[in-house]
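Just below is one structure, and these are the notes that go with it.
Residue numbers (my numbering): 911 to 1304.
In structure tokens, the structure reads:
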């Protein structure tokens, strides 16, 4: 039997449809113009804001060895990692689902001797096993953000949040809300108040659902305080006023006061920033150790970004903010294309360079005479440059 006949029989025995070269794995897409152009210029805008505040750009690799990436803070991301075997070393590698653990590794190794505070910024793609939010379908996502490593203070937290607010303003994203939480607070409060371990799961579920009746049922002597915390959730100034009046155990009071002080520090830099505070929120933070923030736009459900305080490699204070360009750039007008100039065969190179410096895109032509004008129109050019003369196409 010849190879051709065998191939034909094999094709006849399968029910699979013909494979299309345009078919991509679920969750992966081609990003075309104008979306790709909007992303490129938008990321450049964000990185420019970060650089203007002294945050130096770094670029970690897309893949790392599994035992390296999943150490420290990275262990919380194990379920989101694609794994492959390195054919050279035979060791397992992971595609990064998040850049933050890589910054922590770099801070402890490559730049361990750099002066603190250490300020770094980054931008790059990440790959996740499952979409990061229920309304998302993409498994390849972009991240851009900043990390401030070394200081542990409300002022440091406020610096990171205020730079994020400036970056979004420069990008043109409007009506942004910074929603602050303190994930360690509720566990610390229950521990210090002596709530039995057996009662905590039910109580935590009630707090998670914001179910005051269930909190009253499971909260015991702490029920009134927990309900007051639920009632305090809202606009930052309202919440801070309510929290300041609560009587709390000493350690829990210290934890909560840090949240209050951070609100004050942010307000000092950004007096008009929309801020809310939820003192009982604790979900979704797997390696953060202090004040956290989630960014939303009013009227939209998807997160624009998130960040907070954590320990870099389990020993050095750090805080950061990661933005989601793939969400942000759907909220702003597409970046317009440059006006295009068709370069005829005799076009002046000096004049073409001058046009590019003025923001035009020049397109080299390969036709002459009447065909040149037709080609120029076909390629979306509004001007033809012949010699040093510009001819506007009506």
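Where is the CB? At the ideal position from N, CA and C, for every residue including glycine. As the structure is a computational prediction, the values presented were derived from the model and not from experiment.
**Request:** Using three-state DSSP, classify residue 1283 as helix, strand or coil.
**Result:** helix
**Prompt:** Which of the three DSSP states, helix, strand or coil, is assigned to residue 919?
**Reply:** With a pLDDT of only 44 at residue 919, under 50, the local geometry of the prediction cannot be trusted, and the value read off the model is given with reservation. It is helical.
**Buried or exposed by the 16-neighbour rule on C-beta atoms within 10 Å, applied to residue 929** = With fewer than 16 other Cβ atoms within 10 Å, it is exposed.
**Item:** Among 1266, 1223, 1260, 1171, the one whose alpha carbon lies nearest that of residue 1064
**Value:** Residue 1171 is the option with its Cα nearest to residue 1064.
**Item:** Which of helix, strand or coil DSSP assigns to residue 1296
**Value:** strand
**Asked** For residue 1124, which of 1297, 1112, 1028, 957 has the nearest alpha-carbon?
**Response** 1112
**N- and C-terminal bounds of the alpha helix (DSSP H) containing residue 1160** = 1160-1179
**Request:** Could you name the residues of the same chain whose beta carbon sits closer than 7 angstroms to that of residue 1204, not counting the 5 residues immediately before and after it, in chain order?
**Result:** 1089, 1213, 1216
**Item:** CB-CB length for residue 973 against residue 1005, believed under 8 angstroms
**Value:** 6 angstroms
**Asked** CB-CB under 6 angstroms to residue 960, same chain, minus the five flanking residues each way: which ones, in chain order?
**Response** 1031, 1056
**Message:** Distance check for residue 931 and residue 940, CA to CA, integer angstroms please.
**Reply:** 12 angstroms
**Item:** Contact check, residue 868 vs residue 1258, beta carbons under 9 angstroms
**Value:** There is simply no residue 868 to check, as the chain begins at 911 and stops at 1304 in what is shown.
**Prompt:** Is residue 994 helix, strand or coil when you go by DSSP?
**Reply:** strand
**Asked** What residues in its chain sit with their C-beta under 6 angstroms from that of residue 1143, if we drop five residues either side in the sequence?
**Response** 1188
**Item:** Ordered list of alpha helix (DSSP H) runs contained in the segment 1015-1074, each at least 4 residues
**Value:** none
**Request:** Run through the segment 967-992 for me and flag every whole beta strand (DSSP E) of 3 or more residues, listed as ranges in chain order.
**Result:** 973-975
**Item:** Nearest to residue 957 (by Cα), restricted to the options 948, 967, 949
**Value:** 967
**Asked** Under three-state DSSP, which class holds residue 1118?
**Response** Helix, per DSSP.
**Straight-line gap, residue 922 to residue 936 (C-alpha atoms, nearest Å)** = Residue confidence is low: residue 922 scores 48 on pLDDT, short of 50, so the model does not pin down where it sits. No coordinate-derived value is stated.
**Item:** Contact check, residue 1092 vs residue 1183, beta carbons under 9 angstroms
**Value:** No, Cβ-Cβ distance for residue 1092 and residue 1183 is not below 9 angstroms.
**Span of the beta strand (DSSP E) around residue 957** = DSSP places residue 957 in no beta strand (DSSP E) but in the uninterrupted alpha helix (DSSP H) bounded by 945-962.
**Prompt:** If you draw a straight line from the C-alpha of residue 1164 to the C-alpha of residue 1152, how long is it?
**Reply:** 16 angstroms
**Message:** Quick check: the Cα distance between residue 1265 and residue 1079, rounded to an integer number of angstroms?
**Reply:** 30 angstroms
**Request:** Assign residue 1261 to one of three DSSP states: helix, strand, or coil.
**Result:** helix
**Item:** Coil, strand or helix - residue 1303 by DSSP
**Value:** Reduced to three states, the DSSP call for residue 1303 is coil.
**Asked** Since residue 1095 is in the alpha helix (DSSP H), which residue starts that stretch and which ends it?
**Response** 1095-1102
**Message:** On the CB-based measure, 16 or more other CB atoms within 10 Å of its CB, does residue 1155 come out buried or exposed?
**Reply:** exposed
**Message:** Taking the beta carbon of residue 1251 as the centre, do at least 16 other beta carbons fall within 10 Å, making it buried, or is it exposed?
**Reply:** buried
**Presumed contact (8 angstroms Cβ cut-off) between residue 1190 and residue 1173, rounded CB distance** = Actually they are not in contact, since the Cβ atoms of residue 1190 and residue 1173 sit about 16 angstroms apart, beyond 8 angstroms.
**Asked** What is the rounded straight-line gap between the Cα of residue 1021 and the Cα of residue 1051?
**Response** 27 angstroms
**Message:** On the criterion of 16 or more Cβ atoms from any shown chain inside 10 Å, does residue 875 qualify as buried, or is it exposed?
**Reply:** Only positions 911 to 1304 of the chain appear in this structure, which leaves residue 875 out of reach.
**Asked** Taking Cβ to Cβ, would you say residue 1202 is nearer than 9 angstroms to residue 1177?
**Response** no
**Message:** Measuring alpha carbon to alpha carbon, tell me which residue in 945, 995, 1003, 1013 is nearest residue 1229.
**Reply:** 1013
**Prompt:** Between residue 1302 and the rest of its own chain, which residues show a CB-CB distance below 8 angstroms, the 5 nearest in sequence each way excluded?
**Reply:** 1292, 1293
**Asked** What residues in its chain sit with their C-beta under 8 angstroms from that of residue 1138, if we drop five residues either side in the sequence?
**Response** 1152, 1156
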